[in-house]
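K.L.:
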DNA sequence: AATGAATGAGGCTTCATTCAT
DNA sequence: GATGAATGAAGCCTCATTCAT
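Chains as they are written, first to last, in the working numbering: chain D, 62 to 282; chain U, 62 to 282; chain L, 62 to 282; chain G, 62 to 282.
Written as structure tokens, this is what we have:
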């Protein structure tokens with residue numbers, strides 16, 4: 062990671078342990094109440110430590126947020142590559158990557174939502190550090206897509222847009238959880254999503270209709 | 062709208078005018094600095110009025126946020142139906158709706174981003190009011206999709222998921238503007254998005270490969 | 062003054078009035094308890110205003126200290142020149158200046174003591190601003206001394222050292238008030254001080270003795 | 062000393078050694094940053110020991126300050142008498158004492174300044190203990206002066222005021238070091254100071270003028 | 001004796017909200 | 001209707017002191 066959070070405690074195991082405590086508590090509170098509405102006092106209480114102790118492991122409150130967000134993007138960066146290790150077929154890679162992404166999100170619902178809420182609360186440099194990590198993960202997906210296109214498995218579509226469509230589909234499970242969770246399970250969400258994205262929507266008749274639409278249909282109003 | 066913001070000023074035209082001033086300023090400041098990092102003092106300065114005056118048109122700070130968010134969702138609720146008025150073909154409706162949604166987002170980049178950041182800062186009742194509006198707009202899109210499916214234009218896919226895929230595509234223009242804006246124009250974004258969503262991705266060969274993938278490929282790890 | 066303290070309140074009369082309140086309270090509390098041991102809460106209470114109000118007239122606590130110290134040095138810079146206005150004889154000027162200095166100190170016992178205690182609590186730039194004021198006042202005294210020497214009234218002594226001897230004599234009334242106050246009145250303090258400084262100490266016989274002291278008597282140990 | 066600082070460590074040599082470490086570090090930090098702006102953590106780092114260790118040799122932070130100040134006043138109390146040991150002539154005693162005082166100050170510039178700043182940070186009992194030491198040293202000088210007067214070497218002036226004039230002259234070398242140091246050396250400072258104090262200022266003509274000044278010149282305004 | 005992690009009280013400062021004009 | 005000075009409740013963070021090792 063480019064942006065390091067500094068601790069004034071030397072012992073690295075202790076640092077890791079304490080920070081894990083803090084991040085766990087922070088993820089919970091930040092995502093349910095928001096970063097700004099969570100006080101250090103509450104955070105300390107949730108983590109089972111004193112207020113002052115937090116500041117031995119973090120220089121300011123914003124650092125806690127950074128640690129939380131770093132944890133998620135790092136898990137993305139680890140889990141998605143791991144899900145396609147050893148898989149030859151690019152198509153299978155793509156399917157597995159989508160699947161893995163959705164499942165990582167499911168394990169980090171709170172933190173994922175948080176990333177959308179709280180990035181504005183980070184200073185520019187810290188925000189950059191998070192966005193770079195995000196782009197790295199996206200690059201992996203983009204690569205898989207390019208492979209598929211190269212092998213004639215996928216049509217030659219806009220890779221960036223498709224990448225983000227996949228990313229949003231995964232994040233959507235967290236962002237709109239309040240809508241989906243009561244209606245559908247994760248497995249179904251994943252398979253239906255993959256179905257829509259890969260198989261497209263139009264029936265043969267629909268395809269004819271679509272082709273006959275005037276070209277400039279959706280041009281500037 | 063179910064949740065009304067109350068003003069202590071009688072003259073309704075004045076209320077409208079002042080609130081417009083306030084909302085304009087708030088949209089700018091909230092979306093660039095975040096809701097919590099914007100002070101009433103800054104807001105008043107940006108709106109060209111005094112701090113005290115704000116409280117004649119709003120009961121508390123959160124109300125300002127509600128007004129801002131209401132404005133966006135209302136514009137969604139107005140613009141999207143308008144874009145399909147008089148259009149017979151459900152497929153054309155769908156295409157026009159996606160196009161319209163993206164363009165409304167483009168006109169409200171700041172506010173759209175804000176909706177993702179700041180909803181957590183709303184009290185539950187206010188949050189519900191926004192989410193209901195969002196669902197109303199989504200319902201329109203869902204209806205169009207169902208029409209398409211009913212007429213055999215689209216395959217029978219999961220309507221909810223597809224709806225949100227479209228919604229995310231539109232919102233994505235705002236949420237990831239920092240990525241897309243330097244790389245692509247709005248028109249291209251819209252047409253490529255529609256292409257991917259409607260036409261699907263798989264080539265005929267890709268289709269064969271996909272069909273031969275083991276069924277339980279992406280089941281729980 | 063070079064270093065200005067900024068207020069966020071416009072009305073200059075109000076600023077002056079409130080700052081006077083604050084400075085009066087601060088002088089009292091700072092000099093009896095020290096700058097660091099005085100809390101803003103105590104200060105507000107003593108001034109009869111709320112904590113928050115202080116920050117409409119001052120950017121940070123240190124500014125309050127600066128205001129207090131500025132007030133004293135400014136009074137020095139005003140009172141001492143005023144005491145010699147229109148006086149022709151340089152010797153009379155000198156006597157009057159010493160007298161005036163001591164009396165200003167007497168009117169600002171607390172603040173004078175404070176200046177010795179708290180200058181270290183000022184940031185460098187603020188400290189400089191105070192030291193410059195001090196030097197301006199000292200320059201006036203130095204000028205008078207030079208006049209006296211020029212006219213053959215005083216021996217040609219080290220002007221800087223004599224200046225500070227006078228300054229210390231004045232400040233001493235505040236600094237060692239705990240010693241002098243119970244033993245002697247201000248008038249007597251002033252006249253005895255002037256007597257010692259101007260008339261010297263040695264009797265004719267003492268003079269002879271002094272002249273016969275070995276030259277290197279007080280050289281480095 | 063009346064006020065003792067207690068240590069929880071038995072071995073007196075160790076106590077002395079550790080305290081010396083602590084006092085050395087404290088003198089440096091307190092006088093450059095002020096007592097209140099120096100943390101125990103910094104102090105420990107400067108002294109090369111741990112925070113906790115300090116509390117084995119001192120009951121609270123204020124004790125450290127007391128130790129520092131005690132060290133200076135004790136050195137005054139030792140050095141000044143030593144400088145006049147065996148000297149018969151009271152005038153020579155006086156000159157030597159002034160000289161010695163200035164030189165002790167020069168060796169303890171930081172601590173001397175500190176005494177003026179930080180005495181207010183001491184509790185009353187500790188402050189008294191320091192002031193008593195100061196008075197003891199002053200008493201020695203007062204005695205010498207009285208001797209001189211008794212032997213007809215000095216005029217019969219106010220002994221207290223003269224004593225403090227001498228004390229201030231010595232302290233001034235530290236207090237106004239920022240002014241004198243770049244302009245003059247210690248030796249010159251001492252000899253010029255003694256010259257002014259002992260020989261007085263007025264020329265014969267000045268004397269006449271002075272005698273002809275109206276008596277109530279410097280009476281209350 | 002020594003360490004340094006841990007505690008928690010309390011200070012400075014901000015800011016939503018009120019109120020006198 | 002409008003202003004902006006005034007309030008006071010917290011929030012973040014620091015740091016003297018303690019305590020387990």
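Yeah, the Cβ is synthetic: ideal placement off N, Cα and C, and Gly gets one too.
Using a C-beta cutoff of 8 Å, does residue 122(U) count as contacting chain D?
P.N.:
The residue given as residue 122(U) occupies position 61 in the second chain. Chain D, which has no Cβ nearer than 8 Å to the Cβ of residue 122(U), makes this no.
K.L.:
Kindly indicate which three-state DSSP category residue 183(U) falls into: helix, strand or coil?
P.N.:
On the second chain, position 122 is the one that residue 183(U) refers to. Note: residue 183(U) maps to coil in three-state DSSP.
K.L.:
Could you tell me the boundaries of the alpha helix (DSSP H) in which residue 81(D) lies?
P.N.:
Against the first chain, residue 81(D) aligns to sequence position 20. Counting along the chain, the alpha helix (DSSP H) containing residue 81(D) begins and ends at 73-94.
K.L.:
Taking C-alpha atoms, which residue in 250(U), 236(U), 226(U) and 234(U) lies nearest to residue 261(D)?
P.N.:
For the purposes of this step, residue 261(D) is taken as residue 200 along the first chain, with counting starting at 1. Answer by Cα proximity: 226(U).
K.L.:
Please report the straight-line C-alpha distance between residue 241(U) and residue 247(U), rounded to a whole angstrom.
P.N.:
One-based indexing of the second chain puts residue 241(U) at position 180. One-based indexing of the second chain puts residue 247(U) at position 186. Approximately 9 Å between the Cα atoms of the pair.
K.L.:
Checking the sheet assignment: what are the DSSP bridge partners for residue 263(D)?
P.N.:
Indexing the first chain from 1 puts residue 263(D) at position 202. DSSP output for residue 263(D) lists 215(U) as bridge partner(s).
K.L.:
In chain order, what are the residue ranges of uninterrupted alpha helix (DSSP H) at least 4 long that sit wholly in the stretch 98-159 of chain D?
P.N.:
As far as the stretch 98-159 of chain D is concerned, its whole alpha helix (DSSP H) runs of at least 4 residues are 101-108, 112-118 and 122-144.
K.L.:
Could you check where the alpha helix (DSSP H) with residue 70(L) kicks off and where it finishes?
P.N.:
Here residue 70(L) refers to the residue found at position 9 when the third chain is read from its first residue. Element bounds for residue 70(L): n/a, residue is neither H nor E.
K.L.:
Against chain U, does residue 250(D) count as a neighbour if the rule is that its beta carbon must be under 8 Å from one of theirs?
P.N.:
Looking up residue 250(D) in the first chain gives position 189. It does; some Cβ of chain U falls within 8 Å.
K.L.:
State buried or exposed for residue 239(D), treating a residue as buried only when at least 16 other CB atoms are found within 10 Å of its CB.
P.N.:
The count along the first chain starts at 1 and reaches residue 239(D) at position 178. Residue 239(D) is exposed by the Cβ-count criterion.
K.L.:
Between which two residues does the alpha helix (DSSP H) holding residue 274(U) run?
P.N.:
In the second chain, residue 274(U) corresponds to position 213, counting from 1. Run containing residue 274(U): none; DSSP gives neither H nor E here.
K.L.:
Within its chain, find whatever has a CB closer than 6 Å to the CB of residue 160(G); leave out the 5 residues flanking it on each side and keep chain order.
P.N.:
To locate residue 160(G), count along the fourth chain from 1; it is residue 99. Excluding sequence neighbours, residue 160(G) sits near 251.
K.L.:
How would you list, in chain order, the residues of chain D whose beta-carbon sits under 7 Å from the beta-carbon of residue 256(U)?
P.N.:
Mapped onto the second chain, residue 256(U) falls at position 195. Here the neighbours are 218.
K.L.:
Rounded to whole angstroms, what's the CA-CA distance from residue 62(L) to residue 193(D)? Just pull it up for me.
P.N.:
Here residue 62(L) is taken as the residue at index 1 of the third chain, counted from 1. Here residue 193(D) is taken as the residue at index 132 of the first chain, counted from 1. Note that residue 62(L) has pLDDT 46, beneath the 50 cutoff, so the model's placement of it is unreliable and no number is given.
K.L.:
Could you tell me if residue 179(D) is buried or exposed, where buried requires 16 or more neighbouring beta carbons within 10 angstroms of its beta carbon?
P.N.:
Counted from its first residue, the first chain places residue 179(D) at position 118. Counting Cβ neighbours within 10 Å, residue 179(D) comes out buried, since at least 16 surround it.
K.L.:
Tell me the DSSP secondary structure of residue 232(U) in three-state form.
P.N.:
Position 171 of the second chain, counted from the first residue, corresponds to residue 232(U). Helix.
K.L.:
Could you confirm whether any beta carbon from chain D is found closer than 8 Å to the beta carbon of residue 88(U)?
P.N.:
Numbered from its first residue, the second chain carries residue 88(U) at position 27. Residue 88(U) does not count as touching chain D.
K.L.:
Using a Cβ-Cβ cut-off of 7 Å (strictly less than) and excluding sequence neighbours within five positions of residue 136(U), which residues of its own chain qualify?
P.N.:
As a first step, residue 136(U) must be located in the second chain, where it is residue number 75. Hits under 7 Å: 165 and 169.
K.L.:
Which first and last residues belong to the alpha helix (DSSP H) in which residue 246(L) is found?
P.N.:
As a working mapping, residue 246(L) is identified with position 185 in the third chain. Counting along the chain, residue 246(L) falls outside any alpha helix (DSSP H), and DSSP gives it neither H nor E.
K.L.:
Which chain L residues are close to residue 97(G), counting only those with a beta carbon under 7 Å from its beta carbon?
P.N.:
Within the fourth chain, numbered from 1, the residue matching residue 97(G) stands at position 36. Per Cβ cutoff of 7 Å: 97.
K.L.:
Could you say which of 223(G), 156(G), 234(G) and 237(G) lies nearest to residue 234(L) if we only look at CA atoms?
P.N.:
Your numbering for residue 234(L) matches position 173 in the third chain. Among 223(G), 156(G), 234(G) and 237(G), the Cα nearest to that of residue 234(L) belongs to 223(G).
K.L.:
Using 8 Å as the threshold, is the stretch 74-88 of chain G in touch with the stretch 110-121 of chain G, meaning 3 or more CB pairs across them?
P.N.:
Taking 8 Å as the limit for Cβ pairs, the verdict is that the stretch 110-121 of chain G does touch the stretch 74-88 of chain G.
K.L.:
Note down, in chain order, every chain U residue with its Cβ under 8 Å from the Cβ of residue 208(D).
P.N.:
Sequence index remark: in the first chain, residue 208(D) carries index 147 (1-based). In chain order: nothing, as chain U lies at least about 12 Å away.
K.L.:
Can you check whether the C-beta of residue 264(L) is within less than 8 Å of a C-beta belonging to chain G?
P.N.:
For the purposes of this step, residue 264(L) is taken as the residue at position 203 of the third chain. Judged by the 8 Å Cβ criterion, residue 264(L) is in contact with chain G.
K.L.:
Would you please verify whether the beta carbon of residue 177(G) is less than 8 Å from any beta carbon of chain L?
P.N.:
Within the fourth chain, residue 177(G) is the residue found at index 116, counting from 1. Yes, residue 177(G) lies at the interface with chain L (some Cβ there is under 8 Å from its Cβ).
K.L.:
Do three or more CB pairs link the stretch 197-206 of chain L to the stretch 196-216 of chain G at distances below 8 Å?
P.N.:
Taking 8 Å as the limit for Cβ pairs, the verdict is that the stretch 196-216 of chain G does not touch the stretch 197-206 of chain L.
K.L.:
For residue 64(D), which three-state DSSP category applies?
P.N.:
Against the first chain, residue 64(D) aligns to sequence position 3. It is coil, neither helix nor strand.
K.L.:
For residue 150(G) versus residue 97(G), is the C-beta distance shorter than 8 Å?
P.N.:
For the purposes of this step, residue 150(G) is taken as the residue at position 89 of the fourth chain. For the purposes of this step, residue 97(G) is taken as the residue at position 36 of the fourth chain. The answer is no: Cβ separation not under 8 Å.
K.L.:
Taking beta-carbon pairs under 9 Å, can you tell me which members of the stretch 232-246 of chain D lie near chain U?
P.N.:
If the cut-off is 9 Å between Cβ atoms, the stretch 232-246 of chain D has 232, 233, 236, 237, 239, 240, 241, 244 and 245 near chain U.
K.L.:
Verify whether the separation of the beta carbon atoms of residue 127(D) and residue 66(D) is less than 8 Å.
P.N.:
Sequence index remark: in the first chain, residue 127(D) carries index 66 (1-based). Sequence index remark: in the first chain, residue 66(D) carries index 5 (1-based). Yes. Within cutoff.
K.L.:
Between the alpha carbons of residue 265(D) and residue 272(D), how many angstroms are there, rounded?
P.N.:
Here residue 265(D) is taken as the residue at index 204 of the first chain, counted from 1. Here residue 272(D) is taken as the residue at index 211 of the first chain, counted from 1. Going from the Cα of residue 265(D) to the Cα of residue 272(D) covers about 11 Å.
K.L.:
Note down, in chain order, every chain G residue with its Cβ under 7 Å from the Cβ of residue 225(L).
P.N.:
Sequence index remark: in the third chain, residue 225(L) carries index 164 (1-based). Per Cβ cutoff of 7 Å: 233 and 237.
K.L.:
Ordered along the chain, which non-local residues of its own chain (more than five positions away) have a Cβ less than 6 Å from that of residue 68(D)?
P.N.:
Locating residue 68(D) in the first chain gives position 7, counting from the first residue. Cβ within range, chain order: 76 and 118.
K.L.:
Does any CB atom of chain G fall closer than 8 Å to the CB of residue 267(L)?
P.N.:
As a working note, residue 267(L) is residue 206 in the third chain. Yes - at least one Cβ of chain G is within 8 Å of the one on residue 267(L).
K.L.:
I need the DSSP call for residue 222(U), collapsed to helix, strand or coil.
P.N.:
For the purposes of this step, residue 222(U) is taken as the residue at position 161 of the second chain. Looking at residue 222(U) - three-state DSSP - the assignment turns out to be helix.
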